[in-house]
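Numbering (our numbering), first residue to last: 484 to 626.
Okay, here's the thing in structure tokens:
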């Protein structure tokens with residue numbers, strides 16, 4: 484049985500901030516998340532990177548999408564394809580974890596493809612809108 488994740492605390496956030504800023508000053512970019520993770524016992528390089536980009540750096544918008552962000556997203560998907568990390572860098576105020584769900588919710592043609600995407604195993608008598616055949620969805624995303 485896996486252990487529940489430990490919540491980050493302000494001491495860890497401050498240490499993460501210090502280590503990231505140290506690398507930024509010394510190297511111009513954060514290139515070694517593994518080194519940062521060694522300063523934070525119980526945290527992996529991925530934990531540190533995600534915490535920095537999603538919380539501590541303060542550059543990720545988690546609120547409602549603006550019309551400008553919507554336009555940036557539309558243009559980025561047209562010009563850069565569906566590499567969500569690349570698209571997120573074009574949007575600037577969102578990360579890949581926020582870009583993909585918004586794209587799926589707003590731009591995929593759920594109404595016309597709903598029957599194709601719905602799982603055949605959906606429970607009867609209830610709403611099955613959110614029970615999707617993710618293999619079909621991912622196939623459509625890659626087109």
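C-beta: ideal position from N, C-alpha, C; glycine also.
A quick note: this is a predicted structure, and the numbers were derived from the prediction, not measured.
Spatial distance of residue 553 from residue 570 (CA atoms): 12 Å
Find out if the Cβ-Cβ distance for the pair residue 495, residue 519 is shorter than 8 Å. no
Close Cβ partners of residue 585 (< 8 Å) along its chain, the five nearest in sequence each way excluded: 548, 556 and 577
Contact set for residue 563: own chain, Cβ-Cβ below 8 Å, skip 5 residues either direction: 569, 570 and 573
Going along the chain, which residues of its own chain have a beta-carbon closer than 8 Å to the beta-carbon of residue 498, five neighbours each way excluded? 522 and 523
In its own chain, which residues sit with a C-beta less than 7 Å from the C-beta of residue 489, not counting the 5 before and 5 after it? 525
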